[in-house]
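Undergrad:
Number of protein chains: 2
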Amino acid sequence: MTRPYFKLARLWVQSHNILMTEQLEDLFEFLRFPSVSTDSSHAEDVRACAGWLIEKLTQMGLETELHETAKHPIVTARSKHDPAKKTCLIYGHYDVQPVDPIELWDTPPFEPVLRDGRIWARGATDNKGQILAHILGVEAALKEDGELPVNIIFLIEGEEEIGSPNLVPFLQKYKEELACDVIAVSDTGMVAKGVPTMGYGLRGIACCEVTLKGPSGDMHSGVYGGAIANPATAIARLVASLHDFDGNIAIDGFYDDVRPLETWEREAWAKVPGSSDQDTLDITGSPATFGEPGYSSAERLWARPTAEVNGIGGGYQGEGSKTVLPAEAMAKFSFRLVPDQEPKDIAKKVQAHLQKHCPPGVTMEIEVGHDGKPYICDPHSENGKAGQVALEKAFGKAPVLIREGGSIPIIQDLKEILGVESLMMGLALPDCQIHAPNENYYVENFEGGIRLNRALLKELAK
Amino acid sequence: MTRPYFKLARLWVQSHNILMTEQLEDLFEFLRFPSVSTDSSHAEDVRACAGWLIEKLTQMGLETELHETAKHPIVTARSKHDPAKKTCLIYGHYDVQPVDPIELWDTPPFEPVLRDGRIWARGATDNKGQILAHILGVEAALKEDGELPVNIIFLIEGEEEIGSPNLVPFLQKYKEELACDVIAVSDTGMVAKGVPTMGYGLRGIACCEVTLKGPSGDMHSGVYGGAIANPATAIARLVASLHDFDGNIAIDGFYDDVRPLETWEREAWAKVPGSSDQDTLDITGSPATFGEPGYSSAERLWARPTAEVNGIGGGYQGEGSKTVLPAEAMAKFSFRLVPDQEPKDIAKKVQAHLQKHCPPGVTMEIEVGHDGKPYICDPHSENGKAGQVALEKAFGKAPVLIREGGSIPIIQDLKEILGVESLMMGLALPDCQIHAPNENYYVENFEGGIRLNRALLKELAK
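In the order they appear, the protein sequences are chains A and B. Each residue of the first sequence is one higher than the one before, counting from 54 in this note's numbering. Each residue of the second sequence is one higher than the one before, counting from 54 in this note's numbering.
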């Protein structure tokens, strides 16, 4: 059965003279699973998505395994290993972010469509489109050459968007089986269209959620307002205490372990396309840049820590007014960390700050969430250079060297447990809307990703 | 036909030796109309309820009229006017609040039942039970004495729960016909069981809603966090700016027109049952009292203005975490005002404050909501004293004098248009659950209300 969007895809593909209909069909199938890892009602969808991967990787001739965890399964696949060859582990994830606010999507998030040279769907870029490019690169190499230049291990998890809670125990348990010389990851950004990008650093993360409780139920704001604390006001005061007036984080000791930027980084980053203050405004649509004084946008994003509110809520949020004094209010926080901040140490400092600044008249509950360490490596190592050459071959231009603002804590875990560094060769463009409505993936980066995989395996083998 | 609940009512009434079966039957009939004014699907029920009132008041020998408005009708009824007598206008409303959440009601809201000395139904206290006590007081006086000590005008509207949108034009149009010497209202609280209460003040209100916008859509908090302002953080900082550390409102000029408490008020209120700090904790369940320094709970509630957040929201509020930097965040504010603050003046000061304190990096939209003036009168005036005597005669104890924390803007409108002050003699106890599931009305307050009406008309005539 040929579904309508495949017809459209074929039309588009033919008009662009690209013979990748089957690859697009694979991606569309992969994207159609609503594998939202944070939402327990989607547990079966996550599992079905893992099953699809197993089937795909098995058909390619790899030795696959579905590993159960306490929550969502981990998929591994390995080529027949030749001890004379280097081994490259390729990491990715098949789970996706939630889709809220659903009403802002132009097309349903789990019904991928091709439009204007992009694939629109939740997970299109993060991370299904990127990991699938590597899978399809390996598939093409196996079909055309019958063998691979290096040994390959795919490690594809289903819990990245909830902080990979079960991956570290898995890595520890299968340390021997996962032994490798280098790790390749495409789960990061490309600074601008057509500009290949090598990432050598990531921010870490520490999350927590705070609930403040006041009266035992919602109260009439006229009858009781003024004599008891309002939890919505209290949560606002608590959130406001996190920064000083200028935007510096006001938590005691928060900056103690921050590694200063090196001179070459500041100089190189000033020239990276798509990362100026004006680019930040153009991409985000914000009315102004705002952040820690004394740093450029790139420096703020890639080398300085943050304290962000991901969600705040309390009281009546519907249409019109309701004169209620709410029983409780909450805020969800995430702190982005940079080398050499330690998430557990920051979590302690955050809790101490919240305890110290909790306004009077309410009780506080703090729920500590997931965390992950920041990462940094040397982009000028032997494998790093192979990655740079592969990027140049795949995209026709020397890559820029950057750090990333996002967090992939598992990269640091992989380094600590397997003792190997990761080449981060991201295919996400700034307007790919990851984690947001209308997530999309440029078809040219899908193709480029497949070329990148093939070039990388060859360069690593040299 | 005698319905089962009347049998039960009769049994209870007989066992308590109270001869008020007919009055209870009237109340039950009145309560059985689901006259929910905010819900257009109940428009015919509201009208039917007005029709019942017209019939009741006509049967009593009063001259009644049903006045159409743009929405729900207003009922008036007047006794034959003797120019030698004073005229008392009795204001009330026959519309009720919605019943949601319906699942929390122990019995259906529009099937009144008698249990534990209380009548349980939506509107039992607010306001059907209270206004009917006045009607039945007048009925009893007419039956027993053949005439009334004063001229009476009933003014009973069907839109109080939606802010009385059509009452001011009505008052302006019928100013002559509604001319009177004093107004009596039972739509407020009694501080504790068995403690007659005279209210001589109400807080006013000014509402607004603020929306802060940052990036054009939700952003990944890792990829963009640190370089642009977060609207959730910004709304928190804006809300936090409304109060100083101790709980004083920090808006320039906010307290300028606040009438200081008089010494007698502070002394009297310190002795009012049910209004201590401990009572506030017991009633609300809050962990501590909190408010403007230097004032007791009663003083904070009845004589000091507030700046309350009725709702705050932005970003992801669902289960788990989502590392999003939200595109916007909002807060709904209501300011309770006291004499001699002017809502329009306060609205201007609030807007100036919000403009001045809007954090950088976001744009702000302010939507001004409804407002109402505060009210105060002299409880020691001639009519005020008559009201106090009547309360003492009806309940066997001298009344306490209080102001109310809530707002009934129509009381100030009545003062401005008819030039007459209102005696607020509330019959609602703190556990009557007005506006909430399981609304109820103490039978002893129903009886007391009937006695109160008879005593009041006599005292006013003196």
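A virtual CB, placed ideally from N, CA and C, is assigned to each residue, including glycine. Computed from a predicted model, the values in this text were never measured in an experiment.
What residues of chain A sit near B:Pro326, judged by a beta carbon separation below 8 angstroms?
TA: Neighbours of B:Pro326 on chain A: none; closest Cβ ~16 angstroms, over 8 angstroms.
Undergrad: Tell me whether the stretch 78 to 98 of chain B and the stretch 197 to 214 of chain B touch, counting them as touching only if at least three CB pairs, one residue from each stretch, are closer than 8 angstroms.
TA: As far as the Cβ criterion goes, the stretch 78 to 98 of chain B touches the stretch 197 to 214 of chain B, which means the pair count is three or higher.
Undergrad: Can you grab the Cα-Cα spacing for the pair B:His433 / B:Tyr494, in whole Å?
TA: About 29 angstroms.
Undergrad: B:Cys141 to B:Pro126, Cα distance in whole Å?
TA: Distance between the alpha carbons of B:Cys141 and B:Pro126 is about 22 angstroms.
Undergrad: Any chance the stretch 242 to 256 of chain A sits against the stretch 466 to 480 of chain A, with 3 or more Cβ pairs inside 8 angstroms?
TA: Output reads yes: the stretch 466 to 480 of chain A touches the stretch 242 to 256 of chain A.
Undergrad: Look at the alpha carbon of A:Pro284 and the alpha carbon of B:Gly300, and state the distance between them as a whole number of angstroms.
TA: Approximately 13 angstroms between the Cα atoms of the pair.
Undergrad: Could you compute how far the alpha carbon of A:Gly182 sits from the alpha carbon of A:Ile487?
TA: Approximately 12 angstroms, taken between the alpha carbons.
Undergrad: Using the beta-carbon count (16 or more within 10 Å), is A:Phe298 buried or exposed?
TA: A:Phe298 should be labelled exposed.
Undergrad: Exposed or buried, what is B:Pro452 when buried is set at 16 or more other beta-carbons lying within 10 Å of its beta-carbon?
TA: With 16 or more Cβ atoms within 10 Å of its Cβ, B:Pro452 is classed as buried.
Undergrad: Select from A:Gln404, A:Ala245 and A:Glu345 the residue whose C-alpha is nearest the C-alpha of A:Ile336.
TA: Per the Cα distances, A:Ala245.
Undergrad: Return yes when the Cβ of B:Phe388 is within less than 8 angstroms of the Cβ of B:Ile258, no when it is not.
TA: A contact, by the Cβ cut-off of 8 angstroms.
Undergrad: When we look at the beta-carbon of A:Ser269 and count the other beta-carbons within 10 Å, is it buried (16 or more) or exposed?
TA: It is exposed - the Cβ of A:Ser269 has fewer than 16 other Cβ atoms within 10 Å.
Undergrad: Less than 8 angstroms between CB atoms is the rule here; does B:Gln150 satisfy it with respect to chain A?
TA: For B:Gln150, the answer is no, since every Cβ of chain A falls outside 8 angstroms of its Cβ.
Undergrad: Relative to the C-alpha of B:Val191, which candidate in B:Ser217, B:Pro161, B:Leu110 and B:Asp240 has its C-alpha closest?
TA: Checked all of B:Ser217, B:Pro161, B:Leu110 and B:Asp240; the closest Cα to B:Val191 is B:Leu110.
Undergrad: Where in the stretch 234 to 266 of chain A do unbroken runs of the alpha helix (DSSP H), each at least 4 residues long, occur, reported from the N-terminal end onward?
TA: DSSP runs (the alpha helix (DSSP H)) wholly in the stretch 234 to 266 of chain A: none.
Undergrad: Can you give me the start and stop residues for the alpha helix (DSSP H) that A:Lys397 sits inside?
TA: A:Lys397 -> alpha helix (DSSP H) spans Pro396 to His410.
Undergrad: Can you grab the Cα-Cα spacing for the pair A:Thr286 / B:Val362, in whole Å?
TA: Their Cα atoms are separated by approximately 6 angstroms.
Undergrad: Tell me whether the beta-carbon of A:Leu505 lies closer than 8 angstroms to the beta-carbon of A:Leu444.
TA: In contact: A:Leu505 and A:Leu444 (Cβ atoms closer than 8 angstroms).
Undergrad: Do we get a CB-CB distance below 8 angstroms when we pair A:Glu345 with the residues of chain B?
TA: Output row for A:Glu345: interface = yes.
Undergrad: Alpha carbons only, please: which of A:Gln150, A:Trp173 and A:Asp169 is nearest the one belonging to A:Pro161?
TA: Answer by Cα proximity: A:Trp173.
Undergrad: In this structure, what does DSSP give as the bridge partners for A:Asp424?
TA: DSSP lists A:Ala259 as partners of A:Asp424.
Undergrad: Looking at A:Glu500 and the ligand SAH, is the gap between the Cβ and the nearest heavy atom below 7 angstroms?
TA: Absence of the ligand SAH is noted for the structure shown, with no ligands found whatsoever.
Undergrad: Roughly how many whole angstroms lie between the Cα atoms of A:Tyr277 and A:Asp271?
TA: So the alpha carbons of these two residues sit roughly 10 angstroms apart.
Undergrad: Which chain A residues are close to B:Val244, counting only those with a beta carbon under 7 angstroms from its beta carbon?
TA: Simply none; closest approach about 12 angstroms.
Undergrad: For A:Ile71 and A:Ala194, I'd like the C-alpha separation in whole angstroms.
TA: For A:Ile71, the predicted structure reports a pLDDT of 46, less than 50, and the residue's modelled location is therefore unreliable. The matter cannot be settled from this model.
Undergrad: Should the stretch 226 to 238 of chain B be called in touch with the stretch 404 to 418 of chain B, which here means at least 3 C-beta pairs below 8 angstroms?
TA: Result no; under three Cβ-Cβ pairs closer than 8 angstroms.
Undergrad: Report the rounded CA-to-CA distance for B:Arg319 versus B:Pro326, giving the unit in angstroms.
TA: Spanning the two alpha carbons is a distance of roughly 14 angstroms.
Undergrad: Hey, quick one: how far does the beta strand (DSSP E) through A:Ala287 stretch, first residue to last?
TA: Looking at the DSSP string, A:Ala287 is not in any beta strand (DSSP E); the run it does join, the alpha helix (DSSP H), is Pro284 to Ala293.
Undergrad: How should B:Arg312 be labelled, buried or exposed, when 16 other C-beta atoms within 10 angstroms of its C-beta is the threshold for buried?
TA: Exposed, since its Cβ has fewer than 16 Cβ neighbours within 10 Å.
Undergrad: Kindly indicate which three-state DSSP category A:Gly479 falls into: helix, strand or coil?
TA: Residue state, collapsed to three classes: coil.
Undergrad: How would you label B:Ile392, buried or exposed, when you count the other beta carbons within 10 angstroms and need 16 or more for buried?
TA: For clarity, residue 392 of chain B is Pro in the given sequence; the question names Ile instead. With 16 or more Cβ atoms within 10 Å of its Cβ, B:Pro392 is classed as buried.
Undergrad: Along the chain, which unbroken stretches of the beta strand (DSSP E) at least 3 residues long are found entirely within the stretch 320 to 378 of chain B?
TA: If we require 3 residues or more, the beta strand (DSSP E) runs fully inside the stretch 320 to 378 of chain B come out as 359 to 368.
Undergrad: Could you check what DSSP says for B:Thr122 in three-state terms: helix, strand or coil?
TA: Coil.
Undergrad: Is it buried or exposed, B:Asp240, if we count other Cβ atoms within 10 angstroms and call 16 or more buried?
TA: Its Cβ being crowded by 16 or more others within 10 Å, B:Asp240 is buried.
Undergrad: If the cut is a Cβ gap below 8 angstroms, which residues of chain A does B:Asp424 touch?
TA: What B:Asp424 touches in chain A: nothing, since even the nearest Cβ is about 11 angstroms away.
Undergrad: At the 8 angstroms Cβ level, is A:Thr376 part of the contact set with chain B, yes or no?
TA: Closer than 8 angstroms to some Cβ of chain B, the Cβ of A:Thr376 qualifies, so yes.
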